[in-house]
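Chemist: Okay, here's the structure, questions in a sec.
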Amino acid sequence: MRLATYNIEWFASLFDKGDRLMLDAKPSGVHGVDRYTQGRAIAHVLRRIDADAVMVIEAPNTGRSQRTTQALEGFAAEAGLRAREAVSGFPNDTHQEIALLYDPDVLDAVHDARSSAAAPRFDRVFEIDLDVDERLDQVAFSKPPLELAVKTKGGPDKERMELRLIGAHLKSKAPHGAKTKAEVTAAAIANRRKQLAQAIWLHRRVEEHVQAGDHVIVMGDLNDGPGLDQYEKLFGQSSVEIVMGDLLNDPHAQSLLRPRATSLPSTSRFYNAETKRFFRALLDYVMISHSLMHRQPQWRIWHPFEDGECYRDADMRQALLDASDHFPVTVDIEAG
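Residues are numbered in this note's numbering as their position in the sequence shown, beginning at 1, plus a constant of 210.
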């Protein structure tokens with residue numbers, strides 16, 4: 211079974227208010243790419259990775275007249291994807307939803323949000339003392355993680371497997387609105403505190419599932435990684451390390467924890483207009499519980515310049531660049 215996470219840059223820009231796909235020469239959400247080109251590129255990438263389920267980060271919007279699932283299923287039909295049914299969770303106000311696109315012949319997936327005293331439901335408020343002033347701060351997700359109960363279909367020679375999938379898109383630490391150096395620093399530290407609180411919240415849910423004996427997979431864009439910025443030193447850990455703890459495994463994240471690592475993976479590529487150069491970052495993860503490690507997991511980042519097969523395939527290489535500023539991450543696990 212192949213599971214994927216894919217942050218599709220401003221996927222919502224390809225749909226009108228009635229969830230109809232717009233493939234034309236107008237600009238998409240990807241800089242310098244029109245909607246026709248981005249739409250075809252996304253379809254090409256999704257057909258090529260051919261995953262049984264894709265956690266779509268920055269999925270199409272749910273609003274007054276729009277539905278994330280309707281837009282995704284319409285896109286899947288247009289693109290001829292076997293992952294053709296969609297499920298989403300709590301909508302948000304950012305036009306960047308989280309949803310799972312999956313093959314109904316392989317598995318069933320339902321939104322199944324949980325809540326406990328230690329970890330409230332993800333659309334609610336989490337109370338934690340962020341600045342050690344003996345007062346509880348209230349933290350909320352701008353994009354509530356998507357909690358799913360997943361069951362594989364099984365077959366004559368395969369067992370049915372149950373999974374807990376959690377799709378996440380943690381808030382960026384960018385100090386938006388700050389003007390002076392002091393404001394930038396204060397905003398960055400405040401955002402870092404909030405993101406670490408979200409990571410603690412998410413880790414507590416993972417811990418509850420692991421203690422219950424569940425197979426757990428956390429996948430998505432955590433907007434963070436070990437050593438990503440100087441503010442990590444102030445708090446001691448990145449949010450990725452907190453989410454993983456000692457309960458989850460992701461070789462890409464774990465490679466950054468090794469001393470003097472020389473060959474570092476990345477899942478995204480951004481352009482810096484000031485330096486006129488591209489820079490890379492590891493932001494997207496598929497973390498699996500220890501209970502799945504005996505199922506021969508194989509991770510892959512479909513990076514157009516770091517994955518040899520993607521680079522040699524000119525059509526795939528260009529599609530990855532036209533589709534998004536992030537690249538898919540997959541894990542293959544034995545399902546039975």
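Yeah, the Cβ is synthetic: ideal placement off N, Cα and C, and Gly gets one too.
Values in this document were obtained by computation on a predicted structure and should not be read as measured data.
So what does E357 bridge to, in DSSP terms?
Modeler: I376
Chemist: Please go through the same chain and pick out, in chain order, the residues whose beta-carbon is closer than 7 Å to the beta-carbon of K404, but skip the five residues on each side of it.
Modeler: V349 and K381
Chemist: Please list the terminal residues of the continuous beta strand (DSSP E) segment that includes L311.
Modeler: E307 to Y312
Chemist: Can you give me the Cβ contacts of R414 inside the same chain, cut-off strictly under 6 Å, excluding the 5 residues immediately before and after it?
Modeler: A328 and A329
Chemist: Counting beta carbon pairs with one atom in the segment 212-225 and one in the segment 257-271, are three or more of them shorter than 8 Å?
Modeler: yes
Chemist: Out of Q464, I338 and S499, which has the shortest C-alpha to C-alpha gap to E418?
Modeler: S499
Chemist: Quick one: grab the DSSP three-state call for D158.
Modeler: Since the displayed the chain opens at 211 and closes at 546, residue 158 lies outside it and no answer follows.
Chemist: According to the Cβ coordinates, are F285 and L291 closer than 9 Å?
Modeler: yes
Chemist: Threshold first: 3 residues or longer. Then list the beta strand (DSSP E) segments lying entirely within the segment 450-529, N to C.
Modeler: Counting whole runs of 3 or more residues, the segment 450-529 contains the beta strand (DSSP E) stretches 478-482, 487-491, 494-499 and 508-511.
Chemist: Are there 16 or more other CB atoms within 10 angstroms of the CB of N482, so buried, or fewer, so exposed?
Modeler: exposed
Chemist: I'd like to check one pair, M497 with I427: are the Cβ atoms closer than 9 Å?
Modeler: yes
Chemist: So, are the CB atoms of P455 and V416 less than 9 Å apart?
Modeler: In the sequence as displayed, the identity of residue 455 is Gly instead of Pro. The answer is yes: Cβ separation under 9 Å.
Chemist: Could you tell me the alpha carbon to alpha carbon distance between R324 and D229, rounded to whole angstroms?
Modeler: Straight-line measurement puts the Cα of D229 at about 29 Å from the Cα of R324.
Chemist: What's the C-alpha gap between Q248 and D341?
Modeler: 43 Å
Chemist: Excluding sequence positions up to five away, which residues of its chain have a Cβ less than 6 Å from the Cβ of F488?
Modeler: R479 and Y481
Chemist: Does the separation of the CB atoms of A251 and L530 fall below 9 Å?
Modeler: yes
Chemist: Report, in whole angstroms, the separation of the C-beta atoms of L412 and Y495, which I expect to be a contact under 8 Å.
Modeler: Between Y495 and L412 the Cβ distance is about 12 Å, and since that is not below 8 Å, they are no contact.
Chemist: Measure the beta-carbon distance from E516 to P475 and round it to whole angstroms, keeping in mind my assumption that it falls under 8 Å.
Modeler: 7 Å
Chemist: Is it buried or exposed for T540, if we count other Cβ within 10 angstroms and need 16 for buried?
Modeler: buried
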